[in-house]
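Residue numbering for the sequence shown follows my numbering, starting at 36 and increasing by one per position. Built from N, CA and C at the ideal position, the CB exists for glycine as well.
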Amino acid sequence: MKQQSSVEEIAELLKAQGYISDRSIATSIHLALLLKKPLLIEGPAGVGKTEIAKVMSKALNTGLIRLQCYEGLDESKALYEWNYKKQLLRIQADKNSESWSEVHDDIFSDEFLLTRPLLEAISADDPVVLLIDEV
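The structure is reproduced here in structure tokens:
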């Protein structure tokens, strides 16, 4: 999608994906894209908030990454966590190694990182739609 898309073009893009929007929704999406800023959509259940993210992902031909919020969600489930089992196996495999610094640097490398939705979205090579649902 070209950078200078109009509100009408956004509305048509949504319509082509089967989502009928009013002008305020198309304007909000247009401004978010133009300013390269996130868009917070709030409202009662069942009005199509989640569907907007899904439709925009399809319309813009980008990935959709979803973080479903729930009570008890913490940063390790939202951002990342370490693969402790794999780290322990690596430590056991090199327990006779004299260079702890090498093992330490290795077990805290990307190979041992379990990415979660937020880290996945901010580290993506291409733009993505990040849907944070039920905040």
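- A128 is classed as exposed because its beta carbon has fewer than 16 other beta carbons within 10 Å across all chains shown.
- V82 counts as exposed, since fewer than 16 other C-beta atoms from the protein chains shown sit within 10 angstroms of its C-beta.
- Rounded to the nearest angstrom, the Cβ distance from L114 to R151 is 5 Å, consistent with a contact under 8 Å.
- For I100, the three-state secondary structure derived from DSSP is strand.
- Secondary structure at I126: helix, using DSSP grouped into helix, strand and coil.
- Going by C-alpha positions, T62 is about 39 Å away from L148.
- Here the segment 82 to 94 lies against the segment 47 to 54, with 3 or more beta-carbon pairs under 8 Å apart.
- For the options E137, L99 and E146, the alpha carbon positioned closest to that of D168 is the one of L99.
- The C-beta of A80 has fewer than 16 other C-beta atoms within 10 Å across all chains shown, which makes the residue exposed.
- Looking at the DSSP output, V164 bridges to L99.
- Going by DSSP, L66 is part of no beta strand (DSSP E) but of the alpha helix (DSSP H) stretching over R58 to L70.
- In this structure, K89 sits away from I76, with a CB-CB distance that is not shorter than 9 Å.
- Per DSSP, L49 is one residue of the alpha helix (DSSP H) stretching across V42 to A51.
- When DSSP reads this structure, Y115 sits in a beta bridge with T150.
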